[in-house]
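Beneath this line is the structure, given in structure tokens, with notes to follow.
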Amino acid sequence: MKSLLSIRLTWGEGMKEVTAAFIHEVKTKGHLAVFLKGVSFTLCIRTKDEILCIRFQNGDVEICPPEPANTYDVLITGTEERISSILMGNEKLRSAIRAKNILVDSTFRRLLFLESLFLLSRQRVS
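Just so you know, we're using this note's numbering here: the sequence shown kicks off at -4 and counts up by one.
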């Protein structure tokens, strides 16, 4: 199994790998710890083939088991390619919404938080 440090994301990878790489980046970038402190909500990512949940809980971020419908604080629905691009910080969340490439059910505050987090946790290729 590859170490998360050695993962280079490509479009062919599944959402679980992209999500795990995103979480790894968030956890390894120390400056994001302050950003995450006091934050508590659940994000559901839905593609045609998968449903993934990410729980943000007072500084920690982890993949969690799917919950019953309508219990998520944020729901992002779209294609795997589009959501992967957003998670990797290659595309802005609000730009994808405006272009009608994804659907998001969220408060504006959480939407801005996620967009910032996706961009700040972007993998830097050396």
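Idealized CB from N, CA, C, for every residue including glycine.
Short Cβ contact (7 Å threshold) for residue i with residue j
{"i": "Glu45", "j": "Met10", "result": "yes"}
{"i": "Phe113", "j": "Ile81", "result": "yes"}
{"i": "Leu27", "j": "Val21", "result": "yes"}
{"i": "Ile49", "j": "Gly73", "result": "no"}
{"i": "Leu88", "j": "Glu110", "result": "yes"}
{"i": "Ile71", "j": "Ile40", "result": "yes"}
{"i": "Val69", "j": "Leu107", "result": "no"}
{"i": "Glu75", "j": "Thr42", "result": "yes"}
Per-residue DSSP class, three states only, for residue i
{"i": "Thr23", "result": "helix"}
{"i": "Thr66", "result": "coil"}
{"i": "Arg117", "result": "coil"}
{"i": "Phe34", "result": "First, the amino acid is wrong: residue 34 is Val here, not Phe. Three-state result, Val34: coil."}
{"i": "Glu57", "result": "strand"}
{"i": "Thr14", "result": "helix"}
Presumed contact (8 Å Cβ cut-off) between residue i and residue j, rounded CB distance
{"i": "Ile58", "j": "Thr102", "result": "Not quite, the Cβ-Cβ distance comes to about 22 Å (not below 8 Å), so this is no contact."}
{"i": "Arg122", "j": "Phe36", "result": "Because the chain is modelled from -4 through 121, residue 122 falls outside the range shown and cannot be assessed."}
{"i": "Lys24", "j": "Gly54", "result": "Actually they are not in contact, since the Cβ atoms of Lys24 and Gly54 sit about 13 Å apart, beyond 8 Å."}
According to DSSP, residues forming a beta bridge with residue i
{"i": "Val99", "result": "Ile71"}
{"i": "Leu47", "result": "Ile40"}
Check: residue i C-beta below 6 Å from any heavy atom of the ligand GTP
{"i": "Asn96", "result": "Inclusion of the ligand GTP in the displayed structure is not the case, the ligand content being empty and no account of it being possible."}
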